[in-house]
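Counting the sequence shown from 1 gives a position; the working numbering is that position plus 22. All remarks here apply to the structure that follows.
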Amino acid sequence: MTAPFPTRKQEEWRYADLDALKPVWDQFDEPHTLTIAAGESAEEVWLPAGGDVQLKRLSIALGAGADARIFVLNAAPVYGRVEIEVSLEADANFELFAANIGDGQSTNEIVTNVRHLGERGRSRQTVRSVLGGKAVGSYLGKVEVGRGAQQTDGEQSVKAMLLDRGATANCKPELEIYADDVKCAHGASVGELDPMQMFYAQSRGLDPASARALLLEGFVMGLWDNVKNAAQHEAICCAVRDALRRVT
Numbered sequence: 023m024t025a026p027f028p029t030r031k032q033e034e035w036r037y038a039d040l041d042a043l044k045p046v047w048d049q050f051d052e053p054h055t056l057t058i059a060a061g062e063s064a065e066e067v068w069l070p071a072g073g074d075v076q077l078k079r080l081s082i083a084l085g086a087g088a089d090a091r092i093f094v095l096n097a098a099p100v101y102g103r104v105e106i107e108v109s110l111e112a113d114a115n116f117e118l119f120a121a122n123i124g125d126g127q128s129t130n131e132i133v134t135n136v137r138h139l140g141e142r143g144r145s146r147q148t149v150r151s152v153l154g155g156k157a158v159g160s161y162l163g164k165v166e167v168g169r170g171a172q173q174t175d176g177e178q179s180v181k182a183m184l185l186d187r188g189a190t191a192n193c194k195p196e197l198e199i200y201a202d203d204v205k206c207a208h209g210a211s212v213g214e215l216d217p218m219q220m221f222y223a224q225s226r227g228l229d230p231a232s233a234r235a236l237l238l239e240g241f242v243m244g245l246w247d248n249v250k251n252a253a254q255h256e257a258i259c260c261a262v263r264d265a266l267r268r269v270t
């Protein structure tokens, strides 16, 4: 049964393009569930699947000592939303590397909820956004540390690059901590291309468009360095370059 249609009064939908979402709301099913047994590991690479609107939902349960690494490119041309819920038992590790790339009037959102349930869990979330035109790129990330999850180590790193005055980046990292022996941190920054870097690149013989593309690749390509599968690594790098060409 389809859930009630959301409103912007709900925090997790504050930045959504509800007009774009409405025609495909009935496709917004329950999240896909991934259970990773104790000591096991998994890696997933998510690429744009085509179409103007893209919705992706995943719920991950990590057993003791399990490991999961997710790589996400969110570059839907109208509305893209990625939701990830994660629970970590003792000594589990979760890593997310994700990019929003938008142009025109697109809205691209990444929404996460990471719940540390056991001791010594580790989570890393690294999100980069490149936004041109009147695009909106958002990251809403919550990290919950339960009372028994001592020695949790959690970090969120969020950076956005705005290419035009009309583009908007939203960032809302959130920590909810009930344990007293933890190491949790988050950082966020929004900026523009450095004029001095542009000047340097052009002084080396690049035209303005090529210089801009090179700097933007440097901003996001490091996200995919740890993709183990060579074919998937090449696929996501090619998809990123295609997305960047739209915004440059």
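No residue lacks a Cβ here, since even glycine has one placed at the ideal position from N, Cα and C. All figures in this text were calculated on a predicted structure; none of them were measured in a lab.
Through-space distance from alanine 191 to isoleucine 92, alpha-carbon basis:
22 Å
Should threonine 29 be labelled buried (16 or more other beta-carbon atoms within 10 Å of its own) or exposed?
Here threonine 29 is exposed: its Cβ has fewer than 16 other Cβ atoms, across all protein chains shown, within 10 Å.
Thinking glutamate 239 and leucine 266 are a contact (beta carbons under 8 Å), I'd like their distance in whole angstroms, please.
7 Å
Spatial neighbours of arginine 169 in its chain, beta-carbon cut-off 7 Å, leaving aside the 5 residues before and after:
Excluding sequence positions up to five before and after arginine 169, its CB lies within less than 7 Å of the CB of Tyr200 and Ala201, all in the same chain and listed in chain order.
Which of helix, strand or coil DSSP assigns to tyrosine 272:
Nothing can be reported for residue 272: it is not among the residues displayed for the chain, which extend from 23 to 270.
Residue closest to alanine 90, alpha-carbon to alpha-carbon, out of Ala97, Asn96, Arg103 and Gly61:
Gly61
What are the residues that DSSP puts in a beta bridge with leucine 238?
Per DSSP, none; premise fails for leucine 238.
Using 10 angstroms around the beta-carbon of phenylalanine 291, count the other beta-carbons present and answer buried if the total reaches 16, otherwise exposed.
Since the first residue of the chain shown is 23 and the last is 270, residue 291 is not available in this structure.
So, using beta-carbon positions, are valine 8 and glutamate 198 closer together than 9 Å?
Any property of residue 8 remains undetermined from this structure, which presents the chain solely from 23 to 270.
For glutamate 111, which residues from the same chain have a beta carbon less than 7 Å from its beta carbon, with the 5 sequence-adjacent residues on both sides left out?
For glutamate 111, same chain residues with a beta-carbon under 7 Å away, outside a window of 5 residues either side, are Leu84, Gly85, Ala86, Leu139 and Gly140 in chain order.
So, for asparagine 115: in the same chain, excluding its five sequence neighbours on each side, which residues have a beta-carbon less than 6 Å away from its beta-carbon?
Beyond the five residues adjoining it in sequence on each side, asparagine 115 comes within less than 6 Å, by CB distance, of Asp89 and Arg144 in the same chain, given in chain order.
Would you kindly check if the distance between the Cβ of isoleucine 123 and the Cβ of serine 160 is under 9 Å?
no
Tell me which same chain residues have a C-beta within less than 8 Å of the C-beta of isoleucine 258, skipping the five on either side of it?
Val67, Leu69, Phe93, Leu95, Trp246 and Val249
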